[in-house]
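Remarks on the structure that follows.
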Amino acid sequence: MGGKGGMKKFTGKKQSDKFTKKRKPQQEQDEEGSAAKKPKWDEFKKNKKELKQNRQQNERKNSYYIINRSKQVWEAVRRKDCDKEKRLKLMSELQELLRGKIKSIAFAHDSTRVLQCYIQFGNDQQRQEVFDELKEHLVELSKSKYARNIVKKFLMYGNKQQVSEVMNSFKGQVRKMLRHAEACTVVEFAYNDKAILEQRLMLTEELYGNTFQLCKSAICPTLDKVLESNPEKQASIMEEMKQILTSMAHKEAVVKHSLVHKVILDFFIHASAKLKSEIISSLPIILNNKYGKKVLLYLLNPRDPAHFLPEIIKVLQQGDGNAYSKKDVHTRQHELLEAISPPVLQHLQENAREVVMDKATSVVVADILGSAVGDLQPAMDSVADLAAEEFVPGGKGGQLHLAEHPAGHLVLKWLIAQDFKMKELGKKGNV
1 MGGKGGMKKF
11 TGKKQSDKFT
21 KKRKPQQEQD
31 EEGSAAKKPK
41 WDEFKKNKKE
51 LKQNRQQNER
61 KNSYYIINRS
71 KQVWEAVRRK
81 DCDKEKRLKL
91 MSELQELLRG
101 KIKSIAFAHD
111 STRVLQCYIQ
121 FGNDQQRQEV
131 FDELKEHLVE
141 LSKSKYARNI
151 VKKFLMYGNK
161 QQVSEVMNSF
171 KGQVRKMLRH
181 AEACTVVEFA
191 YNDKAILEQR
201 LMLTEELYGN
211 TFQLCKSAIC
221 PTLDKVLESN
231 PEKQASIMEE
241 MKQILTSMAH
251 KEAVVKHSLV
261 HKVILDFFIH
271 ASAKLKSEII
281 SSLPIILNNK
291 YGKKVLLYLL
301 NPRDPAHFLP
311 EIIKVLQQGD
321 GNAYSKKDVH
331 TRQHELLEAI
341 SPPVLQHLQE
351 NAREVVMDKA
361 TSVVVADILG
371 SAVGDLQPAM
381 DSVADLAAEE
391 FVPGGKGGQL
401 HLAEHPAGHL
411 VLKWLIAQDF
421 KMKELGKKGN
431 V
């Protein structure tokens, strides 16, 4: 071959600088991509706020500025660092804004707190102005999810006259209010925290029936005194109480109130054995209700720390030895226990499987058999019959044996442990 021998040396083109840069890690690329896709939240929130304001302006028209400014003042007044002089000035401004428009503001969910704050921090004149505009609507306010707290604020911060008018507005409405999900909390607060003796009697009298209300007087304001002075009316009063309490026992929200508990206890003290047995027919409902069950446990075993918190027991002890109780605590408790024992034992005897095999009601069995007075044998036999059934591991027909049941085996264990102790105490009944 001619020419110069060997292969030509390849001299490639010099790569540009743009190809020499290092590639970014995949994580950084993903972050940049997701950042680009993210919506502009600040702009989105701003637009949403503007839409809300426009909607409120259209709906409220003339009251929009008043409500909006009232909320701004409220935000300043409720702050802990708001000094006295500034608060007085703001409250005066709020007074001018709210005058004549209080009712419409009271029922609005976003402005009702303004009124609550105004009642709390206002002077007597300012509170009276609000009260005068709302006093004809107190029951209606109590039934509102948000406005009910305005009524509570009057009970907390109002003068004696205002509190008295709030209580009187409930007269004739207590039964309806106790059945209402919102109003019942207002009645309970009024009865427990603010009412004096006369007002408590007024709040409960509706649950004693019409005959009681006709017979009561300034001299005979309580059930005890009415029955003492009108013994011929006892049957009709007790019958009316039975009808009222039976209907209430079917509603869980009503049974939990201490006002109702007081009336139930009065009924058990004065009612005949027949009427007691009729109202005790509601025992399944009471047993399965977490509040009703507490009443039953208290009757069987008062202030047992296994069922009642120490704080609750201390509160209850405050009423011991008061000047108005005709009987001492132990006598009264024993009489109530004698009244409740027969129907409770009968219920356990007739419904042993349902009571023992239920987690909620099984805890009451130990108190029934450990505290009730009378013949325990029939009730214990019913429980023993369950234990004597053929044991099939895993259950038979979808029903576990008592010894294997999560709730039932605890009852059986307690009965076996207590059997010897009950013999020592002389109680009639053997497992």
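In full-length UniProt numbering, the protein residues as written are 1 to 431.
For every residue, glycine included, the Cβ atom is placed at its ideal position computed from N, Cα and C.
These numbers come from a predicted model, not from an experiment.
Query, Result
"Compare the beta carbon distance of residue 154 and residue 161 with 7 angstroms and say whether it is the shorter of the two.", "no"
"Give, in chain order, every unbroken run of the alpha helix (DSSP H) that is at least 4 residues long and sits entirely within the segment 189-244.", "197-205, 210-215, 223-229"
"Could you check whether residue 231 and residue 201 sit closer than 7 angstroms to each other, using their CB atoms as the reference points?", "no"
"Name the residue from 108, 111, 164 whose alpha carbon lies nearest to the alpha carbon of residue 131.", "164"
"According to DSSP, simplified to helix, strand and coil, what is residue 262?", "helix"
"Where do the N-terminal and C-terminal ends of the alpha helix (DSSP H) with residue 117 fall, by residue?", "112-121"
"Quick check: the Cα distance between residue 91 and residue 73, rounded to an integer number of angstroms?", "8 angstroms"
"Any idea if residue 121 is buried or exposed, counting beta-carbon neighbours within 10 angstroms, 16 or more meaning buried?", "buried"
"For residue 399, write down the residues that DSSP places opposite it in a beta bridge.", "396"
"Look at residue 403 and residue 412 and say whether their C-beta atoms are less than 7 angstroms apart.", "yes"
"For residue 89, tell me which candidate among 81, 77, 98 has the shortest Cα-Cα distance.", "77"
"Only counting the same chain, and skipping five residues up and downstream in sequence, which positions put a Cβ closer than 8 angstroms to that of residue 431?", "Legend: pLDDT at residue 431 = 49, less than 50; position of this residue unreliable, value from coordinates given subsequently. 380, 383, 384, 387, 415, 416, 419."
"Rounded to a whole number of angstroms, what is the C-alpha to C-alpha distance between residue 396 and residue 389?", "11 angstroms"
"Would a C-beta distance cut-off of 7 angstroms place residue 182 and residue 209 closer than the cut-off?", "no"
"Find the nearest neighbour of residue 149 within the set 108, 179, 286, 174, judged by alpha-carbon distance.", "108"
"To the nearest angstrom, report how far apart residue 141 and residue 66 are at their CA atoms.", "21 angstroms"
"Assign residue 357 to one of three DSSP states: helix, strand, or coil.", "coil"
"Across the segment 260-275 and the segment 301-321, are there enough close Cβ pairs to call them in contact, namely three or more that are closer than 8 angstroms?", "no"
"Excluding the five sequence neighbours on either side, which residues of its own chain have a C-beta within less than 7 angstroms of the C-beta of residue 171, listed in chain order?", "202"
"Keeping to the same chain, check which residues put their C-beta closer than 7 angstroms to that of residue 179; ignore five residues upstream and five downstream.", "251, 254"
"Here's the rule I'm using: 16 or more other beta-carbon atoms within 10 Å means buried, otherwise exposed. How should residue 367 be labelled?", "buried"
"With 16 as the cutoff for other CB atoms within 10 Å, does residue 289 come out buried or exposed?", "buried"
"With a threshold of 16 other CB atoms inside 10 Å of the CB of residue 71, please say whether the residue is buried or exposed.", "exposed"
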